[in-house]
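Chemist: Taken in order, these protein sequences are the chains called L and B.
Just so we're aligned, residue 1 is where the first sequence starts under the numbering used here, counting upward by one.
Just so we're aligned, residue 1 is where the second sequence starts under the numbering used here, counting upward by one.
The C-beta atom is built at its ideal place from N, Cα and C for all residues, glycine as well.
Right, I'll just put the structure down here and ask away after.
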Amino acid sequence: MEVIYSMMTLTLIFSTPIIITAIGGMFSERSGVVNVALEGIMMIGGFTAATSIVFLEKSTSFAPWIALLFGLIAGVLISLVHAYISINLGAEQVISGTAINLLAGGLTVYLSQVIFHQQRTQSFETGFIKTTYPGLSKIPIIGRIFFENIYPTVYIALIIVIASWYVLYKTPFGLRLRATGEHPQAVDSVGISVYKMRYIGVLLSGALGGLGGAIMVLTFDTQYTIGSIHGVGFIALASLIFGKWKPAGVLGASLFFGFSQILSVYSTDFAFLAKFPQEFFKILPYLLTIVALLIFSGSSVGPKAAGEPYDKGQR
Amino acid sequence: MKKFLVMLLVLSLVMTAFVGCAKKEEPVKTEEPAKTEEPAKTEEPAAAEPVVETPDFTVGLVTDVGGIDDKSFNQGTWEGIVRFAEDTGVKTKYLQSASDADYNPNLATFSDEELDLIVAPGFLFADAMSEVAGNFPDQKYLIIDSVVGDRPNLVSAVFAENEGSFLTGVAAALKADEAGKDTVGFIGGMDFDLIQKFEAGFEAGVAAVNPDMKVLIEYAGSFSDTQIGQTLAAKMFDQGAYIIYHAAGGTGNGLIKEAKDRRTNGEDVWAIGVDRDQYADGIYDGDNSAVLTSMMKRVDVAAYDVAAKTLAGEFPGGEVLVYSLANDGVGIPAENPNLSDEIVNTVNEYKTKVISGEIEVPVLPNRLK
């Protein structure tokens, strides 16, 4: 039983950056801008966080939190590029996103070279530390899963999911954002700026993507390297689709992705799982994404206008 | 707009023309004097050359996408070459590859320039090295950390990782015994023969000190997945592992992070680094490090040694040189703040036994025997 609890906690930790980044992608796509740049945004966020913590950790004990904020801001800045290209210039959004992904790898390594004279950032000392919360950890079951040996960043992810659900479905802003992604002409006809809504959507995805990348580096790594993000941005994109562009769905899909990875680590410990090769658990999430795409492809569940530049004259 | 585009096009054409010229000129220049010199030089005069103050000898390094300051193999090799240049006054050059596709052209560029020894670190270069060495039979090549056979003008330098890992195994077992713990662990990147050598050596080292100590073995399936690295480490520490040794590149960062977290929380666990001294990566709380020791591959020793042999006219073409404990090609760092003098002394005793042949370190882990 102890093992099961550990697996649950590790799943939460593992999924945190995926959840946050996928929710970011959700805001962008709900506003009608496809964002495949999540991976690149995470890299920029992770690099910025790792760099700022190296410089800050000697002077303040809040360094990890400030580094998260910087990572978030860096994500917003890089997503501005994507926003301008896709919204103002009306360029193909997938191309723009791919360009940012390619740029991020080179840019972060180049900046590491300039700042630290090596191909990765210097290793930092503090980062986030797994914590057990006295008192709370005594609650049966829940305490063991949510409050023992866990990173505080997990709570950020859960708060973001709830907040994003509220914003998306319970506020006028959310309604407008969703409408922009479905039928921008209709939104424009009632006097709401489509450009503004889309900018907000893309910048939110930048903020959350940057935050996800920063958390990724500060919880799992000792420094930023070119391999630090290793495709988690794309997994986030997949869980966005698998989660049907809905906060709860995205949460479930991200947790599922994380859990299957944890399962691959623990598979050797369970007799009935040890029969499967470890690789099976590694491909499981991707396999299920493809299956999900096959099933949902008939009934398109994504935002209708996603990927199309807004054309005022179109009817 | 159109005018601007036309200008841009013209400009780029002119630029390429110049670039083309420059490239064409260079090989012509080097080829002419070299052709007359080359046949006469290679055999005997080369051996006599070291007498001259600054020998006309250039060592070239082609790096992979990491540069010469990657704090890893490229940098280690480059340091060996630079140290050799400082000692002898030879010239050095390097080319950094922007992608895998650059290995071949970069090696060929140095071959065209007829450098005296062309070096590349890492198994990634195996195919490119074999091809280029075949195309330029008069040039001399060194590939580090990989074996490329059948080329009389190519030397392969490999490391006895099992011997180095044996020492980390000894250190881990001694440290665990000292703390009264009975389990240690190993995380490998991918399950193939090179990484299995690390596993086998570590296992044997542990068993040499304490045959009853348990060694947990896990493979991450990746060399860059810090998430899996951390998860595996958490699982193994939970299962009672006191010290975990990794041979998993970037994946190992996850292990070191987990060890740092646990030590910060007052738990007594350790990580052992690989390839280079990873002590600095494990630093937490100012001066403490969660990295117990590291298994170092001395690529600099290999680069220096082969360059010296080549300069002396004794280029060991076609051979596979093994850098082991005997010639300081592998080993633990000179300074190990987390190991007591007693442990370091015992580790050194084992080192002598391996060098003298009293202990033979296996290459195959127990599970595959």
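Can you tell me the Cα-Cα spacing of Pro64 (chain L) and Ile19 (chain L), whole angstroms?
Modeler: Along the first sequence, read from residue 1 onward, the residue named residue 64 (chain L) stands at position 64. Along the first sequence, read from residue 1 onward, the residue named residue 19 (chain L) stands at position 19. Approximately 20 Å between the Cα atoms of the pair.
Chemist: Please state if the CB of Lys175 (chain B) and the CB of Leu292 (chain B) are separated by a distance shorter than 9 Å.
Modeler: As a working mapping, residue 292 (chain B) is identified with position 292 in the second sequence. As a working mapping, residue 175 (chain B) is identified with position 175 in the second sequence. Contact flag set, yes.
Chemist: Excluding the 5 residues flanking Glu323 (chain L) on each side, which residues of the same chain have their C-beta closer than 7 Å to its C-beta?
Modeler: Shown here, chain L extends from 1 to 315; a query on residue 323 (chain L) therefore has no answer.
Chemist: Taking its Cβ as the centre, do 16 or more other Cβ atoms sit within 10 Å of Tyr151 (chain L), making it buried, or is it exposed?
Modeler: Your numbering for residue 151 (chain L) matches position 151 in the first sequence. Under this definition Tyr151 (chain L) is a buried residue.
Chemist: Classify Val354 (chain B) as buried or exposed, calling it buried when 16 or more other Cβ atoms lie within 10 Å of its own Cβ.
Modeler: Residue 354 (chain B) sits at position 354 when you count from the first residue of the second sequence. Buried, because 16 or more other Cβ atoms sit within 10 Å of the Cβ of Val354 (chain B).
Chemist: Helix, strand or coil: which one does DSSP assign to Phe276 (chain L)?
Modeler: Position 276 of the first sequence holds residue 276 (chain L). Looking at Phe276 (chain L) - three-state DSSP - the assignment turns out to be coil, as it is neither helix nor strand.
Chemist: Among the candidates B:Ile228, B:Thr352 and B:Asn210, whose CA atom is the shortest distance from the CA of Glu218 (chain B)?
Modeler: Position 218 of the second sequence, counted from the first residue, corresponds to residue 218 (chain B). Selected option, being the one with the closest Cα: B:Ile228.
Chemist: Quick check: Gly32 (chain L) and Thr219 (chain L), are their CB atoms within less than 9 Å of each other?
Modeler: Within the first sequence, numbered from 1, the residue matching residue 32 (chain L) stands at position 32. Within the first sequence, numbered from 1, the residue matching residue 219 (chain L) stands at position 219. In this structure, Thr219 (chain L) does not lie closer than 9 Å to Gly32 (chain L) by Cβ.
Chemist: Answer yes or no: does any C-beta atom of chain L fall closer than 9 Å to that of Arg262 (chain B)?
Modeler: By one-based count along the second sequence, residue 262 (chain B) stands at place 262. Answer yes: the Cβ-Cβ gap between Arg262 (chain B) and chain L drops below 9 Å somewhere.
Chemist: For Ile115 (chain L), which residues of its own chain have a beta-carbon under 8 Å away from its beta-carbon, when the five flanking residues on both sides are left out?
Modeler: Taking the first sequence and counting its residues from 1, the one referred to as residue 115 (chain L) is at position 115. Hits under 8 Å: Thr51 and Thr121.
Chemist: Counting contacts by CB-CB distance shorter than 9 Å, is Tyr219 (chain B) in contact with chain L?
Modeler: Residue mapping note: residue 219 (chain B) aligns to position 219 of the second sequence, counting from 1. Closer than 9 Å: yes.
Chemist: Output, in chain order, the set of chain B residues within a Cβ distance shorter than 7 Å of Gly227 (chain L).
Modeler: Walking along the first sequence from the start, residue 227 (chain L) turns up at place 227. Ser224 and Gly250, listed in chain order.
Chemist: What separation, rounded to the nearest whole angstrom, lies between the Cα atoms of Ala238 (chain L) and Ser96 (chain L)?
Modeler: Along the first sequence, one-based indexing puts residue 238 (chain L) at 238. Along the first sequence, one-based indexing puts residue 96 (chain L) at 96. Their backbone Cα atoms lie some 18 Å apart in a straight line.
Chemist: Can you tell me whether Ala290 (chain B) is buried or exposed? The criterion is at least 16 other CB atoms within 10 Å of its CB, across all chains shown.
Modeler: Counting from one through the second sequence, the residue named residue 290 (chain B) turns up at place 290. Label assigned to Ala290 (chain B): buried.
Chemist: With Gly60 (chain B) as the anchor, note down where its beta strand (DSSP E) starts and where it stops.
Modeler: Mapped onto the second sequence, residue 60 (chain B) falls at position 60. Element bounds for Gly60 (chain B): Thr58 to Thr63.
Chemist: On the DSSP letters alone, give me the boundaries of the beta strand (DSSP E) that Phe186 (chain B) sits inside.
Modeler: As a first step, residue 186 (chain B) must be located in the second sequence, where it is residue number 186. Its beta strand (DSSP E) spans residues Thr183 to Gly188.
Chemist: Which chain B residues are close to Phe220 (chain L), counting only those with a beta carbon under 7 Å from its beta carbon?
Modeler: Translated into positions along the first sequence, residue 220 (chain L) becomes position 220. Simply Thr226, Gln227, Gln230, Gly254 and Lys257.
Chemist: Using DSSP with H/G/I as helix, E/B as strand and the rest coil, what is Tyr141 (chain B)?
Modeler: Walking along the second sequence from the start, residue 141 (chain B) turns up at place 141. In the structure shown, Tyr141 (chain B) sits in a strand (DSSP, three-state: E or B).
Chemist: Can you tell me the Cα-Cα spacing of Lys196 (chain L) and Ile85 (chain L), whole angstroms?
Modeler: Working through the first sequence from its first residue, we reach residue 196 (chain L) at position 196. Working through the first sequence from its first residue, we reach residue 85 (chain L) at position 85. Rounded to the nearest angstrom, the two C-alpha atoms are 14 Å apart.
Chemist: Contact defined as beta carbons within less than 8 Å: I believe Val34 (chain L) pairs with Gly307 (chain L). What is the distance between those atoms, to the nearest angstrom?
Modeler: The sequence position of residue 34 (chain L) within the first sequence is 34, counting from 1. The sequence position of residue 307 (chain L) within the first sequence is 307, counting from 1. With 8 Å as the limit, Val34 (chain L) and Gly307 (chain L) qualify as a contact, their Cβ atoms being about 5 Å apart.
Chemist: Restricting to Cα atoms, I'd like to know which of B:Glu199, B:Glu86 and B:Ala98 is closest to Ala160 (chain B).
Modeler: Residue 160 (chain B) sits at position 160 when you count from the first residue of the second sequence. That would be B:Glu199, whose Cα lies nearest to the Cα of Ala160 (chain B).
Chemist: Would you please verify whether the beta carbon of Gly185 (chain B) is less than 9 Å from any beta carbon of chain L?
Modeler: Residue mapping note: residue 185 (chain B) aligns to position 185 of the second sequence, counting from 1. False, the Cβ-Cβ gap to chain L never drops below 9 Å.
Chemist: Mind checking which residues open and close the beta strand (DSSP E) that includes Gln96 (chain B)?
Modeler: The residue you call residue 96 (chain B) lines up with position 96 of the second sequence. Element bounds for Gln96 (chain B): Lys91 to Gln96.
Chemist: Are any of the Cβ atoms in chain L nearer than 9 Å to that of Asn265 (chain B)?
Modeler: Counting from 1 along the second sequence, the entry for residue 265 (chain B) is found at position 265. With 9 Å as the cut-off, Asn265 (chain B) counts as an interface residue toward chain L.
Chemist: For chain L, find out if any of its Cβ atoms is closer than 9 Å to the Cβ of Ala128 (chain B); answer yes or no.
Modeler: Within the second sequence, the letter at position 128 stands for residue 128 (chain B). For Ala128 (chain B), the answer is no, since every Cβ of chain L falls outside 9 Å of its Cβ.
Chemist: Excluding five sequence neighbours on each side, which residues of the same chain lie with their C-beta closer than 7 Å to the C-beta of Pro184 (chain L)?
Modeler: Within the first sequence, residue 184 (chain L) is the residue found at index 184, counting from 1. These residues qualify, in order along the chain: Gly32, Val194, Ala305 and Tyr310.
Chemist: Is Val148 (chain B) helix, strand or coil when you go by DSSP?
Modeler: Stepping through the second sequence from its first residue, residue 148 (chain B) is reached at position 148. DSSP places Val148 (chain B) in coil when its eight states are reduced to three.
Chemist: What does the alpha-carbon distance come out to for the pair Thr171 (chain L) and Ile200 (chain L)?
Modeler: Your numbering for residue 171 (chain L) matches position 171 in the first sequence. Your numbering for residue 200 (chain L) matches position 200 in the first sequence. Distance between the alpha carbons of Thr171 (chain L) and Ile200 (chain L): 15 Å.
Chemist: Beta-carbon within less than 8 Å of Thr30 (chain B)'s beta-carbon, same chain only, minus the 5 sequence neighbours each way: which residues are those?
Modeler: Within the second sequence, the letter at position 30 stands for residue 30 (chain B). Only weak support exists for where Thr30 (chain B) lies, its pLDDT of 36 falling under 50; the value from the coordinates is given anyway. Asp112, Glu113 and Glu114, listed in sequence order.
Chemist: Using alpha carbons as the reference points, say which of B:Ile144, B:Met295 and B:Gly240 lies closest to Gly169 (chain B).
Modeler: Here residue 169 (chain B) refers to the residue found at position 169 when the second sequence is read from its first residue. Closest by alpha carbon: B:Met295.
Chemist: Looking at chain L, which residues of the segment 158–188 of chain B have a Cβ within less than 7 Å of any of its Cβ atoms?
Modeler: Here the close residues number zero.
Chemist: With a threshold of 9 Å between beta-carbons, can Met1 (chain B) be considered close to chain L, or not?
Modeler: Position 1 of the second sequence, counted from the start, is the residue given in the question as residue 1 (chain B). The predicted model places Met1 (chain B) with a pLDDT of 49, which falls under 50 and marks its position as unreliable, so this point remains unresolved.
Chemist: I'd like the list of long-range same chain contacts for Pro362 (chain B), defined as Cβ closer than 7 Å, with 5 residues on each side in sequence excluded.
Modeler: Mapped onto the second sequence, residue 362 (chain B) falls at position 362. Asn162, Ala200 and Ala204.
Chemist: Just the C-alpha distance for Leu175 (chain L) and Ile243 (chain B), rounded to the nearest angstrom, thanks.
Modeler: Walking along the first sequence from the start, residue 175 (chain L) turns up at place 175. Walking along the second sequence from the start, residue 243 (chain B) turns up at place 243. Taking the straight line from one Cα to the other gives about 54 Å.
Chemist: Could you confirm whether any beta carbon from chain L is found closer than 9 Å to the beta carbon of Gly286 (chain B)?
Modeler: Sequence index remark: in the second sequence, residue 286 (chain B) carries index 286 (1-based). Chain L contact via Cβ: present.
Chemist: Contact between the segment 314–327 of chain B and the segment 95–110 of chain B is defined here as three or more beta-carbon pairs at a separation below 8 Å; is this criterion met?
Modeler: Cβ pair count under 8 Å is below three, so no.
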